[in-house]
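Notes follow the structure.
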Amino acid sequence: MKVIVNGQVKELNIIDQKTGVNYVRDFIGNYGALVDGQFTWDEEQGAFLASEETYDWWEKVLGDHQALENRICELGEVHDPHEVAHIVNDASDVDLEDMAAAVNMALDASYGIL
27 MKVIVNGQVK
37 ELNIIDQKTG
47 VNYVRDFIGN
57 YGALVDGQFT
67 WDEEQGAFLA
77 SEETYDWWEK
87 VLGDHQALEN
97 RICELGEVHD
107 PHEVAHIVND
117 ASDVDLEDMA
127 AAVNMALDAS
137 YGIL
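Rendered as structure tokens:
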């Protein structure tokens, strides 16, 4: 997703490891950030506009979630994917910025630290 921050073009991405699809707009949109003023669509530039603070926050959250998704995918290849999904779901009821850490702790408790 192309984002312009203080006149500089930047990117936000999160890739589904199974399909290779970049679903960043869906991810961010599911949390309301595309309609609540965090990001504003600029038709002329064909990109979203955001503050540095907003961009940095989302970049960290997306990076944390990308690393988590990679780990979940790897664990699902070694362990029962339904069991992994159950652990993920049970640990996910926290604020978005805390979710990756909470899920990783639950996965660590079940499967050990990577």
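Quick note, in my numbering, the sequence shown goes up one by one and the last residue is 140.
Here a beta-carbon is modelled for each residue, glycine too, at the ideal position from N, C-alpha and C.
This one's a predicted model, so the numbers in the text were calculated from it and none came from an experiment.
Check your understanding: What residue ranges within the segment 82 to 136 form continuous alpha helix (DSSP H) runs of no fewer than 4 residues, ordered along the chain?
Key -> 107 to 117
**Study point:** Inter-residue CB distance, alanine 76 and glutamine 64 (contact presumed, cutoff 8 Å)
**Key:** As a position in the sequence shown, residue 76 is number 50, starting the count at 1. As a position in the sequence shown, residue 64 is number 38, starting the count at 1. At roughly 6 Å, the Cβ-Cβ gap stays under 8 Å, so alanine 76 and glutamine 64 are in contact.
Review point. From this set, Arg97, Lys86 and Ala127, which residue's C-alpha is nearest lysine 44's C-alpha?
Key: Counting from 1 along the sequence shown, the entry for residue 44 is found at position 18. Comparing Cα-Cα distances from lysine 44 to each of Arg97, Lys86 and Ala127, the minimum goes to Arg97.
Point to revise | Neighbourhood of asparagine 48 by C-beta distance below 6 Å, restricted to the same chain and skipping five residues each side | key: One-based indexing of the sequence shown puts residue 48 at position 22. For asparagine 48, where only same-chain residues beyond five positions count, the Cβ hits under 6 Å are Asn39 and Ile41.
Exercise for review: Assign phenylalanine 74 to one of three DSSP states: helix, strand, or coil.
Suggested key: One-based indexing of the sequence shown puts residue 74 at position 48. In this structure, phenylalanine 74 counts as strand in the three-state DSSP scheme.
Point to revise | Inter-residue Cα distance where the pair is glutamate 100 and aspartate 90 | key: As a working mapping, residue 100 is identified with position 74 in the sequence shown. As a working mapping, residue 90 is identified with position 64 in the sequence shown. Whole-angstrom Cα-Cα distance: 16 Å.
Practice item. Using three-state DSSP, classify asparagine 48 as helix, strand or coil. Key: By 1-based counting over the sequence shown, the position of residue 48 is 22. The answer is strand: DSSP assigns asparagine 48 an E or B state.
Check your understanding: Taking Cβ to Cβ, would you say valine 110 is nearer than 7 Å to glycine 102?
Key -> The count along the sequence shown starts at 1 and reaches residue 110 at position 84. The count along the sequence shown starts at 1 and reaches residue 102 at position 76. Yes. Within cutoff.
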